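Worksheet: the structure to be examined is printed underneath.
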Amino acid sequence: LLFSSEGTNSIDGMSYDRESNTLTLNNYKSSTTVIATNMMGDDFKINLVGDNEIGSIDSYGDAWGGSINISGNGSLVINADKSDDYGIAFFAEGTNSVLSVADTCNVTIYSGSKAVVYTSDNLTNKPIKDNGTLKENVTYNVSHPLEISRLCARYYECDPYTTNIVYKNETDNTSLYYIKELTYIEPAKVTYTLYKLTTKKAMGDVYYADKVGEYDNIPAGYTKTTLDNPISYYESDSGSGGTSQVIINTATNEKYVSAYVYENKTSYYRICKLLEKLGVDERSNDELWLIDYDNPVATYNPVVESDNLPDGYKYDGTEIEGLYNVECVADKLTFTAKSSSDNTTDNSKGDTTNNPSDNTTDTPADEKPSTPESSTTNTVVDVSDGSTTIKADEIRKIIEDNKVNDVVIKSNNDVTFTFAKGTMSEVSQVAIYDFSTAITSDIKEAGDMPADVTEDIFVSKIVYNYSGVLPATASIKLNVGKAYAGQTLYYSQLLDDGTIISMMSAVVDNDGYMTVEQDHCSTYLITKQQITSSSSDISLPGTSVENITEAAGNTVETPQTGDMTHIYWAGYLLVLSLMGIGFTILMAGKLKKEQ
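Put into structure tokens, the structure is as follows:
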């Protein structure tokens, strides 16, 4: 069964009514079925007709709310075989998501291996609303989620640069400097980047070239000097890595970082030692540290339902006092319908009296909070001349504007991001949105390239400094130069291990721009020819991509970035929501999102 903003269907024993936001179970029995709901709102109802059984329920709130209101005259058994971790799990994502069972139906929820009901990031510490029919006493184990500490991790996978040409400053004769000259064809210009060569204990004989600034001419007061022996150096604005979570060894209290890895078509995380502080990252303003990427102390695969860190490690951070993680502990929860002598009435259309969202007037299920009238103008955010980062509180204001306007963000390198009206939402646990890019049009300056990418077909390499899920799908306009006007160019993702994933093609307009669409950011290539030999395919376990496409009636695409967001299924029945709103029924599996 699939419901999304674009439509719905029905299966035997199960149907969804959009107007009343009600899922009806009519003598539906499958102990392996998982109902997964996403942003259905706090008025979402499950109406019971006859006797029903399912495996578990997973609810994702994310702004709209994720409450589950069970009603009707029938019965429902959840997690009878206790195979799932929880009978019901609310991933509230900053909403007030609760379970409410009407007094007209019988519901039994069995505890899994961890708890009978669980919630994370919830605004309430009591996610079960008792309407007078709950038989058991429930123990609530309450904690607060962490705002995990972060820093900017840096490591260098390539050999250092070498030079015997350095500069000295007339006011600082003891220090050495390096100036990098870059020539751009479109638009035609030359830039000079000045670095101060410093020593770092963790780098040994290799200098750390700390960026001072970028200029149109060689700064005054610097004199070129030729050394007898060349020196090696790494530049502060190059290398690999990015914003990373801080992890603590519980025995020693020593701090480490979590570093993402994608190799051999598999993703995981390394726990890496901090070697030496390099300074402050100029984009994120986080502390910048050199890490020991090649010698991790441990590895792990995190998922939303569990931190899943190796034994002896925990995340470093500050508890968020206003949010709650709660494990509701009991062998089972038994909600028993009141008898007719209790003057109860049939409420087969749902328990509206207990709905958090029904305190005012009735609205259709898909009707979200009202927005102002649409404007004919766009909201334009120009960050091209200064800091290209936007803080979370600022992005919230932009998201509000997006309800009535397209949002256009102008960044450096003549790159613009356009988000269509009504599509943007805040990305969880992102404090700073960095829309800057680093674009290289000379393959000699682009670093190591896969063998398939030759100078004859290379156009440019784009590194988006924002890594991960964007606030919405963006139309990104890139300036490739008028020399390519009318030509078809190819846009591909470049993974850290050199794997190339073909994304799309686009025709360059008369002004030299090509437009691509994506909802994630990492590193990409633009080429004159499509590159297919290095593309990777990702299939569900034991199932071909072709079979999934035929069964679901939708195209199943390879994930488009290596940005820590992957979804695993086992025995998948149907695919989750379009446009971020909907629910899914899963068989013999549990939806898990990576952190």
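Counting from 1, one number per residue, gives the positions in the sequence shown under our numbering.
Ideal Cβ placement from N, Cα and C applies to all residues, glycine included.
Note that the structure is a prediction, hence the values are computed from the model and not measured.
Using only the alpha-carbon positions, how far apart do residue i and residue j sit?
{"i": "S467", "j": "C521", "result": "5 angstroms"}
{"i": "S641", "j": "V107", "result": "For the chain, the structure presents residues 1 to 595; residue 641 sits outside this window and is missing."}
{"i": "Y524", "j": "D311", "result": "36 angstroms"}
{"i": "T223", "j": "T243", "result": "36 angstroms"}
{"i": "M14", "j": "F91", "result": "24 angstroms"}
{"i": "D448", "j": "K126", "result": "54 angstroms"}
{"i": "T22", "j": "D130", "result": "21 angstroms"}
{"i": "S238", "j": "I500", "result": "21 angstroms"}
{"i": "N52", "j": "N79", "result": "12 angstroms"}
{"i": "S59", "j": "T318", "result": "26 angstroms"}
{"i": "P450", "j": "N9", "result": "45 angstroms"}
{"i": "D42", "j": "K180", "result": "57 angstroms"}
{"i": "V261", "j": "S475", "result": "28 angstroms"}
{"i": "S100", "j": "L290", "result": "50 angstroms"}
{"i": "V280", "j": "G204", "result": "21 angstroms"}
{"i": "F419", "j": "V34", "result": "33 angstroms"}
{"i": "N264", "j": "V116", "result": "38 angstroms"}
{"i": "I128", "j": "Q429", "result": "26 angstroms"}
{"i": "Y433", "j": "L470", "result": "9 angstroms"}
{"i": "I526", "j": "K477", "result": "13 angstroms"}
{"i": "S143", "j": "S339", "result": "38 angstroms"}
Give the DSSP-derived three-state secondary structure of residue i in the structure shown.
{"i": "N413", "result": "helix"}
{"i": "K201", "result": "helix"}
{"i": "Y324", "result": "strand"}
{"i": "K224", "result": "strand"}
{"i": "A446", "result": "coil"}
{"i": "E319", "result": "strand"}
{"i": "R150", "result": "strand"}
{"i": "A551", "result": "With a pLDDT of 29 at A551, under the threshold of 50, the modelled position of that residue is not reliable, and the figure given next carries that caveat. Correct three-state label for A551: helix."}
{"i": "A420", "result": "coil"}
{"i": "A188", "result": "coil"}
{"i": "Y490", "result": "strand"}
{"i": "Y293", "result": "coil"}
{"i": "K482", "result": "helix"}
{"i": "K338", "result": "coil"}
{"i": "D428", "result": "Reading the sequence as shown, one finds Ser at residue 428 and not Asp. In the structure shown, S428 sits in coil (DSSP, three-state: anything other than H, G, I, E or B)."}
{"i": "N9", "result": "coil"}
Could you tell me if residue i is buried or exposed, where buried requires 16 or more neighbouring beta carbons within 10 angstroms of its beta carbon?
{"i": "Y513", "result": "buried"}
{"i": "R154", "result": "buried"}
{"i": "Y184", "result": "exposed"}
{"i": "S120", "result": "buried"}
{"i": "N137", "result": "exposed"}
{"i": "N141", "result": "exposed"}
{"i": "V507", "result": "exposed"}
{"i": "N69", "result": "buried"}
{"i": "M11", "result": "It should be noted that the sequence gives Ile, not Met, for residue 11. That one is exposed."}
{"i": "V190", "result": "exposed"}
{"i": "A337", "result": "buried"}
{"i": "G322", "result": "exposed"}
Which residue comes first and which comes last in the beta strand (DSSP E) that contains residue i?
{"i": "D58", "result": "S56 to Y60"}
{"i": "I395", "result": "Careful: I395 lies outside any beta strand (DSSP E), inside the alpha helix (DSSP H) at A392 to N402."}
{"i": "F335", "result": "K332 to F335"}
{"i": "E282", "result": "Note, E282: premise wrong, no beta strand (DSSP E); not H, not E."}
{"i": "E263", "result": "K255 to E263"}
{"i": "V49", "result": "K45 to V49"}
{"i": "M504", "result": "I500 to V507"}
{"i": "M477", "result": "Residue identity differs from the one stated: residue 477 is Lys in this sequence, not Met. First-last of the beta strand (DSSP E) with K477: F458 to N479."}
{"i": "K180", "result": "D172 to Y184"}
{"i": "D519", "result": "Y513 to T527"}
Less than 8 angstroms between the C-beta atoms of residue i and residue j, yes or no?
{"i": "K82", "j": "G50", "result": "no"}
{"i": "T104", "j": "G66", "result": "no"}
{"i": "D496", "j": "S240", "result": "yes"}
{"i": "K168", "j": "T225", "result": "yes"}
{"i": "T473", "j": "E517", "result": "yes"}
{"i": "Y177", "j": "K196", "result": "yes"}
{"i": "Q529", "j": "I439", "result": "no"}
{"i": "D292", "j": "C272", "result": "yes"}
{"i": "T174", "j": "S232", "result": "no"}
{"i": "Y234", "j": "V212", "result": "no"}
{"i": "F435", "j": "I398", "result": "no"}
{"i": "D509", "j": "A485", "result": "yes"}
{"i": "T299", "j": "Y256", "result": "no"}
{"i": "S236", "j": "A209", "result": "yes"}
{"i": "N479", "j": "T437", "result": "no"}
{"i": "S20", "j": "G61", "result": "no"}
{"i": "K391", "j": "E276", "result": "no"}
Nearer than 7 angstroms: is that true of the beta carbon of residue i relative to any heavy atom of the ligand GTP?
{"i": "K45", "result": "Among the components of this structure there are no ligands whatsoever, and the ligand GTP is therefore not found."}
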